[in-house]
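Engineer: Chains as they are written, first to last, in the numbering used here: chain L, 1 to 389; chain F, 1001 to 1284. Note that the Cβ used here is the ideal one computed from N, Cα and C, for glycine as well.
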Amino acid sequence: MFEKALKGNNYYWMWLAFLGTFIGIAAICYVRQFNYGLGLTGMSRDVSWGLYISQFTFLVGVAAGGVMVVLPYYIHNYKEFAKITILGEFLAIAALLMCLSFIVVDLGQPMRMLNVIFHAQPKSMLFYDMLVLNGYLFLNIICGWVILTSERKEVPPPKWIYFFVYLSIPFAVSIHTVTAMLYCGLPGRHFWLSAIVAPRFLASAFAAGPAFIVVAALILKRVSHFDAGKKAIDKLVTIIIYAALVNVFFVGLEFFVGYYSNMPGHIATLQYLFFGLEHNGHMYNNLVPFMWGFVVLFIIGITLLSIPYTRRHNDFWLGAGAAAIFISFWLDKGVGFVLGGFVPTPLEEVVEYYPTANEIFITIGVWAMGFFVLTVLYKIAIGVEQEIE
Amino acid sequence: MDKKRRDFLKIAGVTTLAGLGGTTVVDRLVSGSSPVQARAAQEVDPAEHGAGEQTAAAGHGEEVVKSGNRLGMVVDLRKFREHPELLEKVRQACHAEHNVPDFPNKKDVIKWIWPTGFENAFPEHSTYHLNESSEDNKVPVFCNHCDSPPCVKACPTRATFKNKDGIVAMDYHRCIGCRFCMAACPYGMRSFNWRDPRAGLDMNNINRRFPTRMRGVVEKCNFCAERVGLGEQPKCVEVCGETKAMIFGNLNDPESEIRKVLKENFTIQRKPSAGTHPSVFYIV
Chain L
1 MFEKALKGNN YYWMWLAFLG TFIGIAAICY VRQFNYGLGL TGMSRDVSWG
51 LYISQFTFLV GVAAGGVMVV LPYYIHNYKE FAKITILGEF LAIAALLMCL
101 SFIVVDLGQP MRMLNVIFHA QPKSMLFYDM LVLNGYLFLN IICGWVILTS
151 ERKEVPPPKW IYFFVYLSIP FAVSIHTVTA MLYCGLPGRH FWLSAIVAPR
201 FLASAFAAGP AFIVVAALIL KRVSHFDAGK KAIDKLVTII IYAALVNVFF
251 VGLEFFVGYY SNMPGHIATL QYLFFGLEHN GHMYNNLVPF MWGFVVLFII
301 GITLLSIPYT RRHNDFWLGA GAAAIFISFW LDKGVGFVLG GFVPTPLEEV
351 VEYYPTANEI FITIGVWAMG FFVLTVLYKI AIGVEQEIE
Chain F
1001 MDKKRRDFLK IAGVTTLAGL GGTTVVDRLV SGSSPVQARA AQEVDPAEHG
1051 AGEQTAAAGH GEEVVKSGNR LGMVVDLRKF REHPELLEKV RQACHAEHNV
1101 PDFPNKKDVI KWIWPTGFEN AFPEHSTYHL NESSEDNKVP VFCNHCDSPP
1151 CVKACPTRAT FKNKDGIVAM DYHRCIGCRF CMAACPYGMR SFNWRDPRAG
1201 LDMNNINRRF PTRMRGVVEK CNFCAERVGL GEQPKCVEVC GETKAMIFGN
1251 LNDPESEIRK VLKENFTIQR KPSAGTHPSV FYIV
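Right, here's the structure in full:
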């Protein structure tokens, strides 16, 4: 089926070339980082994870969010999702490839990566994360490919594939739960040490993933003849609204626990993220604009998705609303959550993190790689779709 | 020539195998030689799950006396106040001993032991108006060699592990540089080699008894495992010498000097609420 990705109009090739340019730049930047060390990033002994791991965390959510189309279709037999299920599965593949790339570029000694298997430590959450991420990647590749192949041959998918389809649903939940456990299993980091991290991650994932699919479906409708169907999009929007509200509700609960209980450790990071933290006469607040961006975009997004006119009668506003939710939750999880957790340091100091240009270009390049893979996969899916018609 | 090469490869192969699996085999053989010995070896190894269950059962804040060794340290801050220059001397000696590079850029800094403020070291101790001596004097901080170390649990490759004597040690050759242990340490005692550490060292003047590291791996205080193994005291303790500002010993030996000091003095630990059971105690 790969031949479908080799035929496209000029816009298709220009888009791939555009992404390819950023991938190329990132490759050069990565060679620089590989030769010098992670000192080329903005990370330090105080903020020891930066953009890479925060992107990783967010993208695990995007991958898990794909299950919001798989589950209604396969468990509840919701036929409207027949066409977009493949979008969810292929989105998961691209997102997981980005996740794994972000982990690799973040390693100090990437050549020793396989030590995670050779010297496996079953007490480490990273070990389980490696298992579930690779497992979920495998499941999505096999499910997406087999089902698309049988669709092309216009035969029902083989029975055995349903085992993997159903298995992929708990796996989707597990990847984000285990990723949350990377954080909430650490003593002494108050912001992360919260039982609500995993549910909060899942809620934001179940909003961000479908929001991406809505935007993708609207774009595909314009650039190809792929129509996901109004009913399917509308149902997805309902899912996004509920999941987004639950996520913000959970964030609100964190505020309550911190500020009402007045526990210094619980307040410090929230204060730093949303209002700025004063420390030794200096105000530290470089993440404040991002966090208020999260709040404002959430309000804009949820409004656009809820008002019947913008939701149902105007594709542009619908897409803008979904994109606002996606970006909003990226700011929340892909920027604030991970970077904020390092403030204050265990020694009660405040060190702010500023990514370097080299690091930002690698990050953009990994995203470009993900979009590249996604474009190719969607091209194949649409090609098969059109062939049947 | 060919024969020599073959011999070399044979020897190299055997040595590599011995290096990779040899210790495990020897461990198995030794511990399996008699049931009593095997049990003793198990009991001695606190890194194994048995120890975890014991500590968990003991509950919050309590220390558990186990069979076997648990090396620990008492830091007498009174002595450091009497000798204000001592702390810097200790820091320099430790960093020289372990070839810890000196980078001026804060982003690259690596440190094993260093002075910090009382409130930084003990944020859980309320200090509305700190007494003068605590305000003016610094506290040395270094790895706590916890009895329940979160870094060991976090490490996905067992590059950080707990020795049978209680020392939380590192294998720099196994570390993949994921820095999960740095996020896990509630004390911020771990450093990462963001760049080639040898660039920050005077390579003609390094300590050849201890390896330099490469970039991309984590490091921290190792209680001078390499010296303790030879029956010597940790470097910092040696530098403190007769001031007795730092006392090192086996916390599980009731006759040891450190136990005597702990018995006679009121000591505090850093962040006991983290449940890590540090092996470093401070006399304020």
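Please list, in chain order, all residues of the same chain as L:THR345 whose beta carbon is under 7 Å from its beta carbon, the five residues on each side excluded.
Structural biologist: Here residue 345 of chain L is taken as the residue at index 345 of the first sequence, counted from 1. Contacts found: ASP46, VAL351.
Engineer: When DSSP builds the beta bridges, which residues end up paired with F:PHE1192?
Structural biologist: Locating residue 1192 of chain F in the second sequence gives position 192, where the first residue counts as 1. According to DSSP, F:PHE1192 bridges with F:VAL1218.
Engineer: Can you check whether the CB of L:GLY37 is closer than 8 Å to the CB of F:ARG1195?
Structural biologist: Numbered from 1 along the second sequence, position 195 holds the residue referred to as residue 1195 of chain F. Numbered from 1 along the first sequence, position 37 holds the residue referred to as residue 37 of chain L. Against a cut-off of 8 Å, the Cβ pair of L:GLY37 and F:ARG1195 comes out as a contact.
Engineer: On a CA-only basis, which of F:HIS1173, F:CYS1094, F:GLU1124, F:LEU1087 is nearest F:VAL1218? Give me that one, please.
Structural biologist: As a first step, residue 1218 of chain F must be located in the second sequence, where it is residue number 218. When only C-alpha atoms are compared, the closest one is F:HIS1173.
Engineer: Exposed or buried, L:PHE212, counting other C-beta atoms within 10 Å across all chains shown (16 or more means buried)?
Structural biologist: If you number the first sequence from 1, residue 212 of chain L lands on position 212. Buried, by the Cβ-count rule.
Engineer: So, L:VAL132 versus L:PHE171, is the Cβ gap smaller than 8 Å?
Structural biologist: By one-based count along the first sequence, residue 132 of chain L stands at place 132. By one-based count along the first sequence, residue 171 of chain L stands at place 171. Taking 8 Å as the Cβ cut-off, L:VAL132 and L:PHE171 qualify as a contacting pair.
Engineer: Output needed for L:ILE229: all residues of its chain with C-beta closer than 7 Å, excluding positions within five of it in sequence on either side, in chain order.
Structural biologist: On the first sequence, position 229 is the one that residue 229 of chain L refers to. Reading off the sequence, residue 229 of chain L comes out as Gly, not Ile. GLU80, LYS83, listed in sequence order.
Engineer: Mind checking the stretch 1183-1197 of chain F against chain L and listing, in chain order, the residues whose C-beta falls within less than 9 Å of any C-beta there?
Structural biologist: ALA1183, ALA1184, CYS1185, PRO1186, TYR1187, GLY1188, MET1189, ARG1190, SER1191, PHE1192, ASN1193, TRP1194, ARG1195, ASP1196
Engineer: Is the CB of L:GLY188 under 8 Å away from at least one CB in chain F?
Structural biologist: If you number the first sequence from 1, residue 188 of chain L lands on position 188. At least one chain F Cβ lies under 8 Å of L:GLY188.
Engineer: Check whether the Cβ of F:SER1034 lies closer than 8 Å to any Cβ atom in chain L.
Structural biologist: Translated into positions along the second sequence, residue 1034 of chain F becomes position 34. In this prediction, F:SER1034 scores a pLDDT of 39, lower than 50, which makes its location untrustworthy; no coordinate-derived value is stated.
Engineer: Exposed or buried, F:ILE1247, counting other C-beta atoms within 10 Å across all chains shown (16 or more means buried)?
Structural biologist: For the purposes of this step, residue 1247 of chain F is identified with residue 247 of the second sequence, where counting begins at 1. So F:ILE1247 counts as buried.
Engineer: Give, in chain order, every residue of the stretch 1195-1221 of chain F whose Cβ lies closer than 7 Å to some Cβ of chain L.
Structural biologist: ARG1195, ASP1196, ARG1215, GLY1216, VAL1217
Engineer: Within its chain, find whatever has a CB closer than 6 Å to the CB of L:ILE362; leave out the 5 residues flanking it on each side and keep chain order.
Structural biologist: Residue mapping note: residue 362 of chain L aligns to position 362 of the first sequence, counting from 1. Counting only Cβ-Cβ distances below 6 Å, and skipping sequence neighbours, we find ALA26, CYS29, TYR30, VAL105.
Engineer: Tell me where the alpha helix (DSSP H) around L:ALA208 begins and ends.
Structural biologist: Residue 208 of chain L sits at position 208 when you count from the first residue of the first sequence. From DSSP, the alpha helix (DSSP H) with L:ALA208 extends over 197-223.
Engineer: State the Cα-Cα distance for the pair L:VAL373 and F:ASP1136, rounded to the nearest angstrom.
Structural biologist: Residue 373 of chain L sits at position 373 when you count from the first residue of the first sequence. Residue 1136 of chain F sits at position 136 when you count from the first residue of the second sequence. Approximately 59 Å between the Cα atoms of the pair.
Engineer: Could you tell me which chain F residues have their CB closer than 9 Å to the CB of L:VAL257, listed as they occur along the chain?
Structural biologist: Within the first sequence, the letter at position 257 stands for residue 257 of chain L. Within 9 Å Cβ-Cβ: nothing; L:VAL257 doesn't reach chain F, min ~17 Å.
Engineer: Just by C-beta distance, which residues in the stretch 107-123 of chain L are closer than 7 Å to chain F?
Structural biologist: LEU107, GLY108, GLN109, ARG112, MET113, ASN115, VAL116, HIS119, GLN121, LYS123
Engineer: Would you say F:ILE1176 lies against chain L (beta-carbon separation less than 8 Å)?
Structural biologist: Here residue 1176 of chain F corresponds to residue number 176 of the second sequence, with the count starting at 1. It does; some Cβ of chain L falls within 8 Å.
Engineer: Let's see if you can read the secondary structure: which residues bound the beta strand (DSSP E) around F:VAL1075?
Structural biologist: Translated into the one-based positions of the second sequence, residue 1075 of chain F becomes position 75. Residues 1071-1076.
Engineer: Would you kindly work out how many angstroms separate the C-alpha atoms of F:SER1256 and F:THR1243, rounded to a whole number?
Structural biologist: Locating residue 1256 of chain F in the second sequence gives position 256, counting from the first residue. Locating residue 1243 of chain F in the second sequence gives position 243, counting from the first residue. F:THR1243 has its alpha-carbon roughly 18 Å from the corresponding atom of F:SER1256.
Engineer: Measuring straight from C-alpha to C-alpha, what distance separates F:THR1267 and F:VAL1075?
Structural biologist: Here the question's residue 1267 of chain F lines up with position 267 in the second sequence. Here the question's residue 1075 of chain F lines up with position 75 in the second sequence. About 9 Å.
Engineer: Please go through the stretch 134-194 of chain L and give each complete alpha helix (DSSP H) segment of 4 or more residues, from N-terminal end onward.
Structural biologist: 161-184
Engineer: Any idea which residues DSSP pairs F:VAL1280 with across the strands?
Structural biologist: Here the question's residue 1280 of chain F lines up with position 280 in the second sequence. In DSSP, F:VAL1280 forms a bridge with F:MET1073.
Engineer: Return the chain-ordered list of same chain residues with a C-beta closer than 8 Å to the C-beta of L:PHE2, the five sequence neighbours on each side being excluded.
Structural biologist: Working through the first sequence from its first residue, we reach residue 2 of chain L at position 2. Excluding positions up to five away in sequence, the list reads ILE380.
Engineer: Anything in the stretch 1143-1169 of chain F with a Cβ closer than 7 Å to a Cβ of chain L? List those residues in chain order, please.
Structural biologist: PRO1150, LYS1153, ALA1154, CYS1155, PRO1156, THR1157, ARG1158
Engineer: At a Cβ cut of 7 Å, what residues of the stretch 310-341 of chain L count as close to chain F, listed as they run along the chain?
Structural biologist: none
Engineer: Which of the three DSSP states, helix, strand or coil, is assigned to F:VAL1100?
Structural biologist: Along the second sequence, read from residue 1 onward, the residue named residue 1100 of chain F stands at position 100. F:VAL1100 falls in the coil class under three-state DSSP.
Engineer: Measure the alpha-carbon distance for F:GLN1233 versus F:ARG1270 and round it to whole angstroms.
Structural biologist: Taking the second sequence and counting its residues from 1, one reaches residue 1233 of chain F at position 233. Taking the second sequence and counting its residues from 1, one reaches residue 1270 of chain F at position 270. Their Cα atoms are separated by approximately 23 Å.
Engineer: In the DSSP assignment, what are the bridge partners of F:ALA1169?
Structural biologist: What you label residue 1169 of chain F is simply residue 169 of the second sequence in a count that begins at 1. F:PHE1161, per the DSSP bridge assignment.
Engineer: Along the stretch 27-58 of chain L, what residues have a CB closer than 9 Å to any CB found in chain F?
Structural biologist: TYR36, GLY37, LEU38, GLY39, LEU40, THR41, GLY42, MET43, SER44, ARG45, ASP46, SER48, TRP49, ILE53
Engineer: Please report the residue range of the alpha helix (DSSP H) in which L:PHE22 lies.
Structural biologist: By 1-based counting over the first sequence, the position of residue 22 of chain L is 22. Counting along the chain, the alpha helix (DSSP H) containing L:PHE22 begins and ends at 10-36.
Engineer: On the DSSP bridge assignment, give the partners of F:VAL1139 in chain order.
Structural biologist: Counting from 1 along the second sequence, the entry for residue 1139 of chain F is found at position 139. Per DSSP, F:THR1116.
Engineer: Just to make sure I have the definition right: I need the residues of chain L whose C-beta is within less than 8 Å of the C-beta of F:ASP1108. Which are they?
Structural biologist: Residue numbering aside, residue 1108 of chain F sits at position 108 when the second sequence is read from its first letter. Ordered by position in chain L, the residues that pass the 8 Å Cβ test against F:ASP1108 are GLY39, SER44.
Engineer: Rounded to a whole number of angstroms, what is the C-alpha to C-alpha distance between F:HIS1277 and F:ASN1144?
Structural biologist: Within the second sequence, residue 1277 of chain F is the residue found at index 277, counting from 1. Within the second sequence, residue 1144 of chain F is the residue found at index 144, counting from 1. Each residue's alpha carbon lies about 9 Å from the other.
Engineer: Taking the alpha-carbon of F:ALA1199 as reference, which of F:LEU1077, F:GLU1088, F:ASP1108 has the nearest alpha-carbon?
Structural biologist: Position 199 of the second sequence, counting from 1, holds the residue named residue 1199 of chain F. It is F:ASP1108.
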